[in-house]
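See below for the structure under consideration.
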Amino acid sequence: MQEAWIQLQCPDCGEQWEANPADLHEPDRDFTCKHCDGTRPLSEFAKTTRDFEIIEEFHAS
Ligand SMILES: [Zn+2]
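Residue numbers (the working numbering): 1171 to 1231.
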């Protein structure tokens, strides 16, 4: 299966980076930005709806 890397963007500092959904937790749990230490639900870091869906799908099984 192809690895789906997703694009994250911090709503606080605007920093963007790619992440492997295997390294992320459920989208409704808090995630701390490594660039500015801002903490928000992971779902707010997903850059696009598709990115959010990939995280959700990864944790659905
Ligand atoms: Zn940030």
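We put the beta carbon where it would ideally sit given N, CA and C, even for glycine.
Here the structure is a predicted model, which means the values were calculated and not measured.
- Nearest in C-alpha terms to C1203, of all of R1220, A1174, G1184 and W1175, is G1184.
- Closest in C-alpha terms to E1226, from the list G1208, W1187, Q1179 and R1199, comes R1199.
- Residue side-chain check: E1185 places its Cβ nearer than 7 Å to a non-hydrogen atom of ligand 1.
- Around E1196, the same chain offers H1229 as residues with beta carbons nearer than 6 Å, after the five sequence neighbours per side are excluded.
- Close CB contacts of C1206 within its chain, under the 6 Å cut and outside five residues either way in sequence, are with D1182 and C1183 (chain order).
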